[in-house]
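A.B. asks: Can you read through this structure? Questions will come right after.
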Amino acid sequence: MAMKLTESQIESLYQFTRQHYVEYYDVQVELVDHLANDIEQIWEQQPGLSFNDARDKSFKKFGVFGFMNVVESKEAQMAKKYFKLVLKFAKEWLSLPKIILTLLLLFGFYQLQKFTFGYEIYIGVFLLVIVAQFFMLFNNSRKLKQNQKQTQKKWLFEHVLSIQGYGNTAFIFIYFFRISNAEEFFAMGDFKRVYTALLITGFLIISYITLVVIPKKAKELLIQNYPEYQIT
Amino acid sequence: MSIMGNHKLYKGSLQTIILKLLATNDKMYGYEITQKVKKLTKGELKITEGALYPALHKLEADGLLNVEVAKVGNRLRKYYKLTENGTKETANKLEEMQEFLKTMQHLVNPKFSLE
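The listed protein sequences derive, respectively, from chains A and B. Per this note's numbering, the first sequence runs over residues 21 to 252. Per this note's numbering, the second sequence runs over residues 370 to 484.
Take a look at the structure:
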């Protein structure tokens, strides 16, 4: 008769993955099932082996880095998923009806460059988004922590959606803006004017997507991404 | 993929192997894949866990695989399934693999002829 793992042994495997730096529940699920299958298989050949010994034997098969490769590949996968998601929403801004708003923004920002306060508005928009990002970041990490306390579960994609996804746009903007003062701003040539207007419009739209659109749909997106989000 | 013994040659074929297995088995979970490969190759090829899951995650991120979760006994199990794109890609990869095998045949075991 094949030996099966008990409920408490399964629970101890979850603990085991946590001890080995697998923070996220969605990654733990897969690893626990794998270890459990392997332990049951090991028991078929060596029925006398203790649970802990069988578990360690199975864990050794993951190699010297343990679960690290698995966690890393999952993180890369989620980052990619998130990026694709942002792109999907961004595309909406390039087709009707939203493209009208996009063009208006673009035109508005372009025109602003003619006014003396144009530079201040550019910087103001940038700072406003940064402040909003920080606010959301603190707010969300507090909420996530509360949730985790209740459910004892951390979801990688939830973390990406509500924390990790922010801030990236700001870095991109800083990197490409490359204008350090008002004089430089007013001395821009035609090409650079269009480029700068494009940049801030894009920045605003992407920030809006990451800060407003995606968090609003977070629950729906999580269920789509994690069938187990509902089961558990 | 670290392979038991000296079969470094299998490296680089892991994705194709996974896709092919899923094309013939509808849906599979990670452990099942390692066991299936072991059985089909009579133990010649053992996919290690440290390589299998990253490969599965990558295929999923590329939109070639979908995930389903089911409660099996007292635990949750993640099943992988080919997406529509995945099915197309499997055909491509298998074709590439056949080409590769043919080329290697020519190189390793050339038939002498009077052409």
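For each residue, glycine too, the CB sits at the ideal point set by N, CA and C.
Can we say the segment 389-404 of chain B touches the segment 50-60 of chain A, given the rule of at least three CB pairs closer than 8 Å?
C.D. replies: Flag = yes, the segment 389-404 of chain B and the segment 50-60 of chain A touch.
A.B. asks: Using 8 Å as the Cβ pair cut-off and three pairs as the minimum, do the segment 83-101 of chain A and the segment 422-439 of chain B touch?
C.D. replies: Short answer: they touch.
A.B. asks: Name, please, each residue of chain A whose Cβ falls closer than 8 Å to the Cβ of Leu433/B.
C.D. replies: If you number the second sequence from 1, residue 433/B lands on position 64. Simply none; closest approach about 12 Å.
A.B. asks: So what does Arg444/B bridge to, in DSSP terms?
C.D. replies: Locating residue 444/B in the second sequence gives position 75, counting from the first residue. Val441/B.
A.B. asks: Is any beta-carbon of chain B found at less than 9 Å from that of Gly83/A?
C.D. replies: Position 63 of the first sequence, counted from the start, is the residue given in the question as residue 83/A. At least one chain B Cβ lies under 9 Å of Gly83/A.
A.B. asks: Pull the bridge partners of Val436/B from the DSSP assignment, please.
C.D. replies: As a working note, residue 436/B is residue 67 in the second sequence. Tyr449/B, per the DSSP bridge assignment.
A.B. asks: In the DSSP output, what is Lys101/A paired with across the bridge?
C.D. replies: Reading the first sequence from its first residue, position 81 is the one you call residue 101/A. In DSSP, Lys101/A forms no bridge with anything.
A.B. asks: Name, in chain order, the residues that DSSP records as bridge partners for Met397/B.
C.D. replies: Stepping through the second sequence from its first residue, residue 397/B is reached at position 28. DSSP output for Met397/B lists Tyr449/B as bridge partner(s).
A.B. asks: Please list the partners that Asn89/A has in chain B, where partner means a Cβ-to-Cβ separation under 7 Å.
C.D. replies: As a working note, residue 89/A is residue 69 in the first sequence. Going along chain B in sequence order, the residues near Asn89/A (Cβ under 7 Å) are Gly419, Pro423.
A.B. asks: Using a C-beta cutoff of 9 Å, does Tyr246/A count as contacting chain B?
C.D. replies: As a first step, residue 246/A is located in the first sequence; it is residue number 226 there, counting from the start. Cβ-Cβ to chain B under 9 Å: yes for Tyr246/A.
A.B. asks: Answer yes or no: does any C-beta atom of chain B fall closer than 9 Å to that of Val180/A?
C.D. replies: Translated into positions along the first sequence, residue 180/A becomes position 160. Taking Cβ atoms only, chain B never reaches closer than 9 Å to Val180/A, which makes this a no.
A.B. asks: Could you spell out where the alpha helix (DSSP H) holding Phe196/A opens and where it closes?
C.D. replies: Stepping through the first sequence from its first residue, residue 196/A is reached at position 176. It spans 188-197 - the alpha helix (DSSP H) in which Phe196/A sits, taken as one unbroken run.
A.B. asks: Give me the chain B residues within the contact set of Ser32/A, using Cβ-Cβ distance strictly less than 9 Å, ordered along the chain.
C.D. replies: Here residue 32/A refers to the residue found at position 12 when the first sequence is read from its first residue. Near Ser32/A there are no residues of chain B at all, since even the closest Cβ is about 12 Å away, more than 9 Å.
A.B. asks: For the alpha helix (DSSP H) containing Tyr228/A, list its first residue and its last residue.
C.D. replies: Counting from one through the first sequence, the residue named residue 228/A turns up at place 208. Unbroken alpha helix (DSSP H) run through Tyr228/A: 210-228.
A.B. asks: Helix, strand or coil for Ser371/B per DSSP?
C.D. replies: Residue mapping note: residue 371/B aligns to position 2 of the second sequence, counting from 1. Confidence is the limiting factor: at Ser371/B the pLDDT is only 44, short of 50, which leaves the residue's position unreliable, though a coordinate-based value still follows. If DSSP states are grouped into helix, strand and coil, Ser371/B belongs with coil.
A.B. asks: Are Asn167/A and Pro423/B close, meaning C-beta to C-beta below 9 Å?
C.D. replies: Position 147 of the first sequence, counted from the start, is the residue given in the question as residue 167/A. Position 54 of the second sequence, counted from the start, is the residue given in the question as residue 423/B. No, these two residues do not count as a Cβ contact at 9 Å.
A.B. asks: Could you give the C-beta distance for Gly185/A and Tyr102/A, rounded to a whole number, given that I count them as a contact under 8 Å?
C.D. replies: Residue 185/A sits at position 165 when you count from the first residue of the first sequence. Residue 102/A sits at position 82 when you count from the first residue of the first sequence. With a Cβ gap of about 6 Å, Gly185/A and Tyr102/A count as contacting.
A.B. asks: What are the boundary residues of the alpha helix (DSSP H) that Gln170/A is part of?
C.D. replies: Taking the first sequence and counting its residues from 1, one reaches residue 170/A at position 150. From DSSP, the alpha helix (DSSP H) with Gln170/A extends over 138-171.
A.B. asks: DSSP three-state label for Phe135/A, please.
C.D. replies: By 1-based counting over the first sequence, the position of residue 135/A is 115. Coil at Phe135/A, not helix or strand.
A.B. asks: Are the C-beta atoms of Lys239/A and some chain B residue less than 9 Å apart?
C.D. replies: On the first sequence, position 219 is the one that residue 239/A refers to. Judged by the 9 Å Cβ criterion, Lys239/A is not in contact with chain B.
A.B. asks: Cα separation between Arg162/A and Thr230/A?
C.D. replies: In the first sequence, the residue the question calls residue 162/A occupies position 142. In the first sequence, the residue the question calls residue 230/A occupies position 210. Cα-Cα distance, rounded: 18 Å.
A.B. asks: Would you report the Cα separation of Thr385/B and Lys236/A, rounded to the nearest angstrom?
C.D. replies: Here residue 385/B is taken as the residue at index 16 of the second sequence, counted from 1. Here residue 236/A is taken as the residue at index 216 of the first sequence, counted from 1. Distance between the alpha carbons of Thr385/B and Lys236/A is about 38 Å.
A.B. asks: Which residues, in order along the segment 217-234 of chain A, keep a beta-carbon less than 7 Å from a beta-carbon of chain B?
C.D. replies: Under the 7 Å Cβ criterion, the segment 217-234 of chain A contributes no residue.
A.B. asks: Closest Cβ-Cβ distance between Lys396/B and chain A: below 9 Å?
C.D. replies: Taking the second sequence and counting its residues from 1, the one referred to as residue 396/B is at position 27. So no, Lys396/B is outside the interface.
A.B. asks: Within the continuous alpha helix (DSSP H) that includes Thr37/A, where are the two ends?
C.D. replies: Taking the first sequence and counting its residues from 1, one reaches residue 37/A at position 17. Per DSSP, Thr37/A belongs to the alpha helix (DSSP H) from 27-39.
A.B. asks: Roughly how many angstroms lie between the CA atoms of Ala74/A and Lys407/B, to the nearest whole one?
C.D. replies: In the first sequence, the residue the question calls residue 74/A occupies position 54. In the second sequence, the residue the question calls residue 407/B occupies position 38. The alpha-carbon atoms of Ala74/A and Lys407/B are separated by roughly 20 Å.
A.B. asks: What residue range is occupied by the uninterrupted alpha helix (DSSP H) comprising Gln184/A?
C.D. replies: For the purposes of this step, residue 184/A is taken as the residue at position 164 of the first sequence. From DSSP, Gln184/A is part of no alpha helix (DSSP H); its letter is neither H nor E.
A.B. asks: Distance, Cα to Cα, Lys118/A vs Ile226/A?
C.D. replies: Your numbering for residue 118/A matches position 98 in the first sequence. Your numbering for residue 226/A matches position 206 in the first sequence. Answer to the nearest angstrom: the Cα atoms are 13 Å apart.
A.B. asks: Nearest chain A C-beta to Val406/B closer than 9 Å, yes or no?
C.D. replies: For this step, residue 406/B is matched to residue 37 along the second sequence. Val406/B does not count as touching chain A.
A.B. asks: Just to check my reading of the structure: Leu391/B and Lys450/B have Cβ atoms closer than 8 Å, yes? What is that Cβ distance to the nearest angstrom?
C.D. replies: In the second sequence, counting from the first residue as 1, residue 391/B sits at position 22. In the second sequence, counting from the first residue as 1, residue 450/B sits at position 81. So it is a contact: roughly 7 Å between Cβ atoms.
A.B. asks: Quick one, which residues of the segment 46-73 of chain A are near chain B if we go by CB-CB under 7 Å, in chain order?
C.D. replies: Those would be Val49, Glu50, Val52, Asp53, His54, Ala56, Asn57, Asp58, in chain order.
A.B. asks: Which bits of chain A does Lys427/B rub up against, with CB to CB less than 8 Å?
C.D. replies: Walking along the second sequence from the start, residue 427/B turns up at place 58. In chain order: Ser93, Ala96, Gln97.
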